[in-house]
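2 protein chains.
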Amino acid sequence: MINHNEIDCWELVESPFRVEHAKAWEGMFTLGSGYLHVRGSLEEHLSDAPQDRTYTRMPANVTCETFADTKSKWGTYVPGVFSRHPLLGNQMVNLPWFLGMVPVVDGERLDVEACRIADYRRVLNLRDATLTRTLQWTTKTGIRVNVTFERFVSAARLGLCVQRLRIRCDQPARLRLEAGLDADVRTNGFDHFVNVQFSYDRYLSCEVRTDAGDRIVMATAIGCDVPGSSELCSNLRQEDRRASIVTECLLPAGVEAVFTKRTIVATSRDRDDRDPSRELAEISDQPWQELLAEHTAIWHERWAGCDVIVEGDAAAQQAVRASLFHLLRAHVPGDDRVAIDAKGYAGEAYWGRYFWDTEMFLLPFFLYTDPDRARTLVDFRVQSLPGAQANAKRYGYRGARYAWESDSAGVECCPNWQYGDHEVHVTADVVYGLVHYAQATGDDAYLKGPAARVLVETARYWMERMDTRPGDGHPSILGVMGPDEYTPISNNNSFTNAMVAEALRAAARFGRYGGATETECQAFLAAADALPIPRSADGTLVLQCEEFERLAEPCFERIWPDRSRTLGAQVSQERLYRIKALKQADVLMLMMLFPHRFTQEEIRRAWDYYLPYTTHDSSLSAGVHAIVAARLGLHHEAWAFWEKAKGIDLDVEHGGAAEGIHIANAAAVWQILVFGFAGMLTAMQSDTLTLSPRLPQAWTRLAFPLVWKGCRLELELTRTTCRLTNRGSVPLGACVSGKTATIRPAQTEEWGLAQ
Amino acid sequence: MINHNEIDCWELVESPFRVEHAKAWEGMFTLGSGYLHVRGSLEEHLSDAPQDRTYTRMPANVTCETFADTKSKWGTYVPGVFSRHPLLGNQMVNLPWFLGMVPVVDGERLDVEACRIADYRRVLNLRDATLTRTLQWTTKTGIRVNVTFERFVSAARLGLCVQRLRIRCDQPARLRLEAGLDADVRTNGFDHFVNVQFSYDRYLSCEVRTDAGDRIVMATAIGCDVPGSSELCSNLRQEDRRASIVTECLLPAGVEAVFTKRTIVATSRDRDDRDPSRELAEISDQPWQELLAEHTAIWHERWAGCDVIVEGDAAAQQAVRASLFHLLRAHVPGDDRVAIDAKGYAGEAYWGRYFWDTEMFLLPFFLYTDPDRARTLVDFRVQSLPGAQANAKRYGYRGARYAWESDSAGVECCPNWQYGDHEVHVTADVVYGLVHYAQATGDDAYLKGPAARVLVETARYWMERMDTRPGDGHPSILGVMGPDEYTPISNNNSFTNAMVAEALRAAARFGRYGGATETECQAFLAAADALPIPRSADGTLVLQCEEFERLAEPCFERIWPDRSRTLGAQVSQERLYRIKALKQADVLMLMMLFPHRFTQEEIRRAWDYYLPYTTHDSSLSAGVHAIVAARLGLHHEAWAFWEKAKGIDLDVEHGGAAEGIHIANAAAVWQILVFGFAGMLTAMQSDTLTLSPRLPQAWTRLAFPLVWKGCRLELELTRTTCRLTNRGSVPLGACVSGKTATIRPAQTEEWGLAQ
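Going line by line, the protein sequences match chains A and B. Each residue of the first sequence is one higher than the one before, counting from 160 in the working numbering. Each residue of the second sequence is one higher than the one before, counting from 160 in the working numbering.
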């Protein structure tokens, strides 16, 4: 076993409370179990932050968008519950909010913004996946109140969230607690609930029906334990779309009142017919500690399979764990009807949709730590093939065309045509993911089985999507947007062409299992071989697209005065679209994925050429740059991009996770460690486990577990050694810094590293 | 005086009624006075065509859009009354409908779709600008009813519409007439009225306030004359947003009942403070015939200044007059706060906004027939300079940037970024219009006076909008959409560059009157001279834009099966944007405007190259092609495009004017006759009046009046002769088919033409 490093890098701490950072922490403190996610909103909520405001969120470039200005945004999500927004397309629905627990002491309502608060401290325990808040509140009447809120979304029981509130006053006080369910919420300003009904039997229950016909049922049980209290009473209060249980008592001085709230969520999309009230009843006798223990046990097991140890840099260690925490949380085990949305089920930006992030950013982490979870992600694309086929048809093509912004059915939902119409590389990226799954697990069966039709159908789309221009003598892919979304409609984007060629080769190889004829397969292969990667006239520079050199030179000094904000937010889109300004890595991402197809000189040339033009306005950019820099031996640059990537969600000053977790970047953080600093080649890049470690100066040790073609192993890296321990049952060949060895089961092999 | 040809080509006739053509005739039969326009809806309306339906019209490419499906769409417009649609931007507001007159005989309501109707005939008299409908209606009870509706929108009195209904039954019958005002209308599905109030004093009056704060007041007077009737009574009926006067009587057999309805419209945008009820009272003694006579007198005078005589082709004659009728109607004399919107104030498509159509299509007709009216159109751009400056600022530039879709304040309202952001040529087109005005009137004063700041401010915008790419040695205009809207973002579009160069030259010449320094003017000129017109490698082909040859070849046979509908409606926009498919003339339009800069061979080469790629999906395409074909001596092609252009609004089978008049095409119809068949060069193309007549085979005579640099003249063309009569006070030089002569005042000069 890897020894977990015990300097407390398992905690993320908010202290003191600052209202301007509230929304960022709310996103960062999202808890979840795959099935159910809830943003880290304060139990008692903030004043002046209404959640029932209806407004029109317009289709816009999210990078440049100003989101509805509010101190707090509730978010309660069950992946897969989508509904149609009239302007924006299908979006994940924000469900009723169940966290509410509002203590009132001597008539004063807790409000951390307005009340006198000391020692405010909120801690996300990453290992346990629990959120705890402690504070001391002095009421206007002079009572000192110690308050502790705790919560976790159970990893052990579907749809269960458990909360606890402990409260103690230094004087006898009248205490009231309001705890309930609030269905007066909106999704991106839109009301998706056509029916809201409350009932109270043994538990308070809320049933909503969405305009898409989904049924959501929540039941909540409030418990209280107030030793020595008198006049304890509880009442139900309901107003339109809100209902709560109001408990009142006289709390003796120094006595701790303990309130618990257990909520269970079920939806009509569940595979089993569930009854939240019955499920609540089943756990009614189980104490907090038991429910917590079964929850943390699962989390500890998860961590054992993926935790990355960084020694010598506590901030890095903490940031890595924050990233892995959200990756583990956002994944929905065993449900192939959903993947992981762009905001990791922690916000409304990007409408809860699935992007290329799934394959190109998220998948590797799961592939090399927990292939079963990876399988769910690739299965998502297989099951949503009918949606992709419908997209192709709508655009006038045969075959299948995966959506730039996919709902759970695979349907294109992107409300901005420049992305939805033109960012077609996603269809090839999906296939790349399927092939990567097969390569990493070392098993072709997936491509001969479930994935074969995806290979064939997407290849058929590409065959119609390609054009051969007179005089060219080769096919081209015209009118596309590559990963760099600031070049909207370009020809022969190198990244796109390379990915399509890769996809066509896979289709040529496995097409017969998916219904392709031999002739088709030959045509797939011929097209793959003929698709060009454009280069500069002297051949030394891989061009992002044919016309890249004909774009205008940007004068960043003049048009981008404030570097703390994106360029995209400071110039008109019209200008962005005609200058050499990259939103993110494009050619460099191509080179990261296919390192052997380019010489180090070519990669360095591309780095030198594109970097000055790259704005990194996309959170997907830093990770790719860090990996490429590490491989190029550009240690200073690799470190700088690493620092940027690791801070994206934690930088509450600049919004951080306010609109949700940048989940692709969270996965890129893992990729930087593994593919960058440990220098591992993926199974798409090498059949043998291959590492070229380059530990950053500041670190003394880097260690993590891996799964390589079914074999579990552990890697431990210092500045001078690389140790691999085989935890599997068969010998494993590995190549570290050019030296190959075979590691027998249960053995550790050590490589010395040049300083 | 030109002898008006009297074969009745002054009438447009709908007969019989066919519901599938109702909306097309409704648009074509729009009447108006510049100030007030009302679509040709039936007084009694149709069943199942509600006008109060709220729906979301989404931003979309209008060419491909399916409009709300309804048999009839009311439209009542006062140019300049705009309000903000939340998704679509500022739009012209559809005002309350005042035409309603519903006869009910023995309890049966007239409904031309449901009732037994014979001899239905509706006639738009173009010369008189009156609309008359006659029909015979047999009620279910067997009464034969003769009905005649008449109406005109007075050219003599601001905001007055006069209607008359004559009705006669072959048996005694109970007759009821409901006539009122209906404010329960929407504009593109949106309700802009925040307040609707009815009052009845001497007249029924309706006041609405729009959400932009405009106030609209309508007053209506119902008169009736029923000789020998008994039990005549009138009652007011009001329901929410509708009110009407209900008149009932017993009508003796064979007696004609005559009802009149006079409505006066005023708005808070009027220059004078008006009171419709008082204005109604002032004309209460004036009989129908007097009001009609003062109206027709004005129209006859208008026609005398612009009517085009086509002999030998009644259909052509009729189509020409239909076009000129709507041009005359849609122009708002003396009000420089508005121009002529894209649908000629006859429909909601394009939201009542002003496009480049104003300068490039509409202006020439007014310039060469009525320069005072042309002045209003160019003044519109001068007065809306602040809006254009605000647009430039919003896009991050100095100077002024005219809107692709302008409201009356000049503000960019286009809800589709590809047009609004990139179709920048409009800013140069505006300057072209100003210079054209000065050239055609022979007076530079306009450019030294009111227009000078427009020249300078737009030139300042261009100086920042241009880029000089390394190695090019010349400035470029990158990332634009030219007139061909199917090539969305291209570099150095030839049309755009040529227009911008022209505008910069004007700014260089007159800039000092508009505040430009000498250094600025020199820079304007240098840039104008350096802007490239891209050509093919062998130099023979003018390229639409640098990358045109790198677009994909379209396979129209496969992707465009139904040629009766636009290509744009049959393929995805994504495909359109990567193939050589032109929506409309682009290089050819450039060559039409600057014929002397290209050899006949170059023009022919461009014709041969681009024509197979041109879809003519835009109604602006046929006119340009007809003129270029005529100049190239391609008589067959010129004729075919003429036939297409003249039929665009009249083709009720294919929708025709259903969503409004294609007013730019209406003006192109005039341009084909004058610039194409008469072969006149504009004052931008020649300082001397120059003609190269090419009368179509089918015609025996073409004659029209002209104004050339302040001199009125008449042109008469046969297959063998061209006669010019000078109706001015100074001698006029002219060149016809290469032969020059001077025509003295009141003299006619005749040129023989080669057969």
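Positions of the beta carbon are idealized from the N, C-alpha and C atoms, including for glycine. Predicted, not measured: the structure shown is a model, and the values here were computed from it.
Within chain B, the residues that residue i reaches when beta carbons sit closer than 7 Å
i                      : result
residue 576 of chain A : 732
residue 638 of chain A : 733, 736, 737
Chain B residues whose Cβ lies nearer than 8 Å to that of residue i
i                      : result
residue 564 of chain A : Correct list: empty, because the minimum Cβ distance to chain B is about 15 Å.
residue 629 of chain A : 712
Classification of residue i by the beta-carbon crowding that lies within 10 angstroms, buried from 16 upward
i                      : result
residue 813 of chain A : exposed
residue 424 of chain A : buried
residue 359 of chain A : exposed
residue 824 of chain B : buried
residue 724 of chain A : exposed
residue 523 of chain A : buried
residue 160 of chain A : The pLDDT assigned to residue 160 of chain A is 37, lower than 50, so where the model puts this residue is not dependable; a value taken from the coordinates is nonetheless given after this. Classification of residue 160 of chain A: exposed, given that the 10 Å Cβ count is below 16.
residue 795 of chain B : exposed
Chain A within 9 Å of residue i, Cβ atoms only
i                      : result
residue 407 of chain B : no
residue 737 of chain B : yes
residue 718 of chain B : yes
residue 160 of chain B : Summary for residue 160 of chain B: the model assigns pLDDT 36, below 50, so the residue's position carries little reliability, and this model does not support an answer.
residue 581 of chain B : yes
Proximal residues of chain B, C-beta to C-beta of residue i below 9 Å
i                      : result
residue 215 of chain A : 245, 246
Coil, strand or helix - residue i by DSSP
i                      : result
residue 680 of chain A : helix
residue 264 of chain B : strand
residue 161 of chain A : With a pLDDT of 40 at residue 161 of chain A, under the threshold of 50, the modelled position of that residue is not reliable, and the figure given next carries that caveat. It is coil, neither helix nor strand.
residue 885 of chain B : strand
residue 476 of chain A : helix
residue 653 of chain A : helix
residue 781 of chain B : helix
Extent of the continuous beta strand (DSSP E) to which residue i belongs
i                      : result
residue 751 of chain A : Run containing residue 751 of chain A: none in the beta strand (DSSP E); it sits in the alpha helix (DSSP H), 746 to 752.
residue 867 of chain B : 860 to 867
residue 354 of chain B : 352 to 359
residue 723 of chain B : Here residue 723 of chain B belongs to no beta strand (DSSP E), and DSSP marks it neither H nor E.
residue 910 of chain B : 907 to 911
Partner residues on chain A for residue i, Cβ-Cβ distance less than 9 Å
i                      : result
residue 706 of chain B : 650, 705, 706, 709
residue 626 of chain B : 710, 711, 712, 737, 738
Chain B within 9 Å of residue i, Cβ atoms only
i                      : result
residue 853 of chain A : no
residue 555 of chain A : yes
residue 351 of chain A : no
residue 635 of chain A : yes
Where the alpha helix (DSSP H) containing residue i begins and where it ends
i                      : result
residue 718 of chain B : 715 to 718
residue 803 of chain B : 794 to 806
residue 708 of chain A : Residue 708 of chain A -> no alpha helix (DSSP H), and no H or E assigned at all.
Closer than 7 Å at the beta carbon, the chain C residues around residue i
i                      : result
residue 647 of chain B : Of the protein chains in the structure, A and B, none is chain C.
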